[in-house]
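Below is one structure; the comments refer to it alone.
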Amino acid sequence: MLKTRLAAGVTALAAVAGVVFGAAPAASAADYPYADIEMSHLKFGATYVTGKVTFYNQSASVIGTGHFVGCRTLYAWTIDKQPGDTEKVLDVGSTSPQCDKDHPINIPLDAKITGGADRVLLELRDGAGKPFPSRVFMRYDLR
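In numbering that gives the first Met the number 0, the protein residues as written are 0 to 142.
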């Protein structure tokens, strides 16, 4: 009986300590800088992309939807500005070519440097790889 009460007391004490000292909550995607991709940002003819670019500590992501008319591919690069105003590409990703349909976009990008990438470049290309409009999202201009 004493062991049962002692175990119950230790469990209760641990529960109270957890409430009082609580562990720091894990960061959610909303805690990281992001930018909304609006239809006017990446539009070519009737093709457009909407969604969100999110910057994490050593990565970034592009998530949204592409409305592809004709055959199009969305490319994304994480870039870091280096000393001397040079830029270093950290990673590149893309959708597969999409033709005449709405398609979900999920492009994870690495940025394995201290502080992560400072920009993400998005670019639409046609079926032959010809670039269309592009848009740069800067990490430090975001909410």
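Each residue gets a CB set at the ideal place from its N, CA and C atoms; glycine is no exception.
Predicted, not measured: the structure shown is a model, and the values here were computed from it.
Buried versus exposed call for residue i [16 or more other C-beta atoms within 10 Å across all chains shown]
i, result
"Gly-83", "exposed"
"Ser-81", "First, the amino acid is wrong: residue 81 is Gln here, not Ser. Counting Cβ neighbours within 10 Å, Gln-81 comes out exposed, since fewer than 16 surround it."
"Thr-77", "buried"
"Thr-53", "buried"
"Gly-44", "exposed"
"Gly-21", "Because the pLDDT at Gly-21 is just 45, under 50, the model does not fix this residue reliably, and the point stays unresolved."
"Thr-46", "buried"
Contact set for residue i: own chain, Cβ-Cβ below 8 Å, skip 5 residues either direction
i, result
"Gly-50", "Asp-35, Ile-36, Val-61, Ile-62, Gly-63, Thr-64 and Ile-104"
"Gly-114", "Asn-56"
"Pro-96", "Cys-70, Arg-71, Thr-72 and Gly-126"
Sequence-distant residues of its chain with Cβ nearer than 7 Å to residue i (five each side left out)
i, result
"Pro-130", "Glu-122 and Arg-124"
"Tyr-31", "Thr-53, Phe-54 and Tyr-55"
Closest residue to residue i among the options (Cα-Cα distance)
i, options, result
"Asp-99", "Met-38, His-66, Gly-92 and Val-52", "His-66"
"Ser-145", "Thr-72, Gln-81 and Ala-45", "Lying outside 0 to 142, the shown extent of the chain, residue 145 is not represented and no answer is given."
"Arg-134", "Tyr-31, Asn-56, Ala-59 and His-40", "His-40"
"Val-119", "Gly-69, Val-88, Thr-46 and Cys-70", "Val-88"
"Ala-110", "Asp-79, Val-48, His-102 and Thr-85", "Asp-79"
"Arg-138", "Lys-42, Val-91, Ala-59 and Met-38", "Ala-59"
Residues bridged to residue i [DSSP beta-bridge criterion]
i, result
"Ile-112", "Bridge partners of Ile-112: none, in fact."
"Thr-94", "Answer by DSSP bridge pairing: none, since Thr-94 is not bridged."
Simplified DSSP assignment, three categories, for residue i
i, result
"Tyr-31", "coil"
"Gly-83", "helix"
"Asp-140", "helix"
"His-40", "coil"
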